[in-house]
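Take the position in the sequence shown, starting the count at 1, then add 656; the result is the number in the working numbering.
C-beta atoms are modelled at their ideal positions from N, C-alpha and C, and glycine is treated no differently.
The structure presented is a predicted model; accordingly, all values stated were derived computationally and were not measured.
Step one of this worksheet: look at the structure below.
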Amino acid sequence: MKTVLVTGGAGFLGSHLCEKLLTYGHRVICLDNFYTGSPENITHLSHHSRFRFIQHNIVSPLPLAEPVDEIYNLACPASPPKYQRDPHFTILINTTGILNVLALARRANARLLQASTSEVYGDPLRSVQKETDWGNVNCTGPRACYDEGKRCAETILFDEWRKTRRPIKVARIFNTYGPRMREDDGRIVSNFVVQALAGRPITVYGNGSQTRSFCYVDDLIAGFIKLMESPDNVTGPINLGNPEQLSALSLAKRIAKLLQIEPSIVFHPLPVDDPKRRRPDISLAKALLGWQPETSLNEGLKRTIAYFRPRVAEQPKPAAARSQSIKTVPDISAGALSASA
């Protein structure tokens with residue numbers, strides 16, 4: 657039995673990770689300040705004999721003196737509306753925060769896995785992103801607090817590896833979705849599902865041709881654990897995501913089809929620095945971890961819809977009938993963009 661600390665453990669990804677680690681027989685310490693996490697996500701774990709919760713902000717030194725074997729650092733707001741709400745705080749979480757987490761890893765001689773992001777690639781210069789890409793980030797733009805914060809966190813950890821050979825692991829996460837996303841999360845899957853279930857128009861930014869690659873949460877958590885358990889010399893960064901690429905408009909249509917509705921889609925200007933394409937090369941994850949996603953998009957979306965349906969049902973629905981047809985723009989389907997699945 658290991659003692660595992662999960663910072664950001666009451667968040668979307670963190671709560672799933674805590675849950676999975678408990679099923680493996682580990683003792684889990686969940687640390688969160690509820691900036692974007694929720695007590696609701698961990699209520700079902702609160703009475704577990706091997707689960708402990710600490711409310712704390714990692715910008716302050718971590719109040720933990722007991723032995724810890726592994727640390728998963730997931731503490732950071734991850735959706736643009738959340739991390740842009742207080743950009744200086746986002747920077748601090750990714751710089752001062754990772755230094756505090758690293759200090760604990762040194763004291764405890766613990767392995768440390770950093771949840772980094774595909775956002776380090778910025779608006780990619782090529783259609784498929786490899787870990788060797790240096791990225792194309794606007795360091796003065798409105799997304800930079802997150803993009804550059806995560807890049808700096810990676811720098812801190814790789815400097816530590818070069819100096820001390822402390823076991824560090826860096827996972828670059830691509831778009832992940834599933835149950836326990838917040839209704840107001842601001843990311844594409846939760847936005848589209850909640851809007852469609854509520855009978856509201858689905859909001860698509862730009863002309864809907866920008867692409868993303870969607871990985872179901874269970875698959876990502878399996879990748880986290882495989883990376884943490886890999887040999888010490890496997891540091892990453894390693895892309896964890898689904899290489900199947902889909903346009904925003906195609907995703908809206910896919911969700912509408914699963915709900916058996918004819919949606920109304922409205923178009924708004926593309927946000928500043930919003931990446932036009934996002935698709936991971938997961939060759940390293942396959943070769944070094946034996947990992948690849950297993951959940952199909954349709955199956956993952958069905959589970960996500962099932963999670964949101966009762967929550968949205970409690971909200972008042974608009975009186976207007978949903979009779980407006982989809983506005984047509986050139987469609988970029990998954991099949992046209994990618995032969996991968």
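Should the region 804-819 be called in touch with the region 925-935, which here means at least 3 C-beta pairs below 8 Å?
Short answer: they don't touch.
What residue does the beta strand (DSSP E) around phenylalanine 923 start on, and which one ends it?
Segment 921-924, the beta strand (DSSP E) holding phenylalanine 923.
How big is the Cα-Cα spacing for leucine 876 and tyrosine 739?
Whole-angstrom Cα-Cα distance: 21 Å.
For glycine 778, which residues does DSSP report across the bridge?
Answer by DSSP bridge pairing, in chain order: Asn792.
Using the beta-carbon count (16 or more within 10 Å), is serine 705 buried or exposed?
Under this definition serine 705 is an exposed residue.
Tell me whether proline 936 is buried or exposed, calling it buried when 16 or more other Cβ atoms sit within 10 Å of its Cβ.
Buried.
CB alanine 827 to CB isoleucine 747, shorter than 8 Å?
Not a contact, by the Cβ cut-off of 8 Å.
According to DSSP, glutamine 785 sits in a beta bridge with which residue or residues?
DSSP lists Pro936 as partners of glutamine 785.
For leucine 883, does the three-state DSSP call read helix, strand or coil?
It is helical.
Would you mind giving the Cβ-Cβ distance between leucine 758 and isoleucine 710, rounded to the nearest angstrom? I have them listed as a contact below 8 Å.
Leucine 758 to isoleucine 710, Cβ: 18 Å. No contact.
Output needed for glutamate 810: all residues of its chain with C-beta closer than 8 Å, excluding positions within five of it in sequence on either side, in chain order.
Here the set comprises Gln770, Ser772, Val776, Val826, Pro893.
Taking the Cβ atom as the reference point for each residue, do valine 849 and isoleucine 961 lie within a distance shorter than 8 Å?
The answer is yes: Cβ separation under 8 Å.
What is the DSSP secondary structure of serine 906, reduced to helix, strand or coil?
Three-state DSSP puts serine 906 in a helix.
Counting pairs of beta carbons, one from the region 723-735 and one from the region 781-800, are three or more of them closer than 8 Å?
The region 723-735, when compared against the region 781-800, does not touch it at the 8 Å Cβ threshold.
By how many angstroms is the C-alpha of proline 823 removed from the C-alpha of asparagine 889?
Those two C-alpha atoms are separated by around 8 Å.
According to the Cβ coordinates, are arginine 934 and serine 865 closer than 8 Å?
In this structure, serine 865 does not lie closer than 8 Å to arginine 934 by Cβ.
Could you tell me the distance, in whole angstroms, from the CA atom of proline 737 to the CA atom of alanine 666?
Going from the Cα of proline 737 to the Cα of alanine 666 covers about 19 Å.
For the alpha helix (DSSP H) that contains cysteine 674, what are its first and last residues?
Note, cysteine 674: alpha helix (DSSP H), 668-679.
Shortest alpha-carbon distance to serine 716 belongs to which of Tyr691, Cys732, Thr752, Arg708?
The option with the nearest alpha carbon to serine 716 is Thr752.
Which value, in whole angstroms, describes the spacing of the CA atoms of phenylalanine 964 and methionine 884?
Phenylalanine 964 and methionine 884: Cα-Cα distance of roughly 31 Å.
For serine 869, which residues does DSSP report across the bridge?
In DSSP, serine 869 forms a bridge with Gln901.
Find out if the Cβ-Cβ distance for the pair threonine 663, leucine 701 is shorter than 8 Å.
No; because the gap between Cβ atoms is not below 8 Å, this pair is not in contact.
Would you be able to state if there are at least three C-beta pairs under 8 Å between the region 838-856 and the region 896-911?
Touching, yes.
According to DSSP, simplified to helix, strand and coil, what is cysteine 732?
In the structure shown, cysteine 732 sits in coil (DSSP, three-state: anything other than H, G, I, E or B).
Drop a sphere of 10 angstroms on the beta-carbon of methionine 837, count the other beta-carbons inside from all chains shown, and report buried for 16 or more, exposed for fewer.
Methionine 837 should be labelled buried.
Excluding five sequence neighbours on each side, which residues of the same chain lie with their C-beta closer than 8 Å to the C-beta of proline 857?
Cβ neighbours of proline 857 beyond the five flanking positions: Gln851, Pro919, Ser920, Ile921, Val922, Gln980.
Under 8 Å by Cβ, that's how I've got leucine 914 and asparagine 954 pegged, so tell me the actual separation to the nearest angstrom.
The pair is a contact, with the Cβ atoms about 7 Å apart (cut-off 8 Å).
Figure out for me which residue from Arg807, Asp803, Asp742, Ser774 has the closest Cα to the Cα of phenylalanine 830.
Here the closest residue by C-alpha is Ser774.
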